[in-house]
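In my numbering, the protein residues as written are 2 to 73. Note that the Cβ used here is the ideal one computed from N, Cα and C, for glycine as well. Small disclaimer: the values here were computed from a predicted structure and weren't measured. The structure under discussion appears below in the form of structure tokens.
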């Protein structure tokens, strides 16, 4: 298959212009505000979204802080 045919099949139109684009322009900003963690499939089944994961982890943090004896 020719390159032009492949591009059209994948949805790229001749009108698209990427000449002024900068690769990775926002990658650094994204990396600063994100920490990607891959969950095992069985763990991921228990959570519907990232908010549910964060809520569960915050609850664990809270429990662990209460169970650790604080020095007087």
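Cα-Cα separation, residue i to residue j
i          : j          : result
residue 45 : residue 29 : 27 Å
residue 68 : residue 60 : 12 Å
residue 1  : residue 24 : Because residue 1 is not part of the residues shown, which for the chain are 2 to 73, the question remains open.
residue 14 : residue 41 : 38 Å
residue 33 : residue 26 : 13 Å
residue 38 : residue 56 : 15 Å
Residues of its chain near residue i, where Cβ-Cβ distance is below 6 Å and the 5 sequence neighbours each way are ignored
i          : result
residue 54 : 48
Legend entry - Minimum length 4: unbroken alpha helix (DSSP H) runs contained in the segment 29-60: Within the segment 29-60, complete alpha helix (DSSP H) segments of at least 4 residues are found at 42-45, given in chain order.
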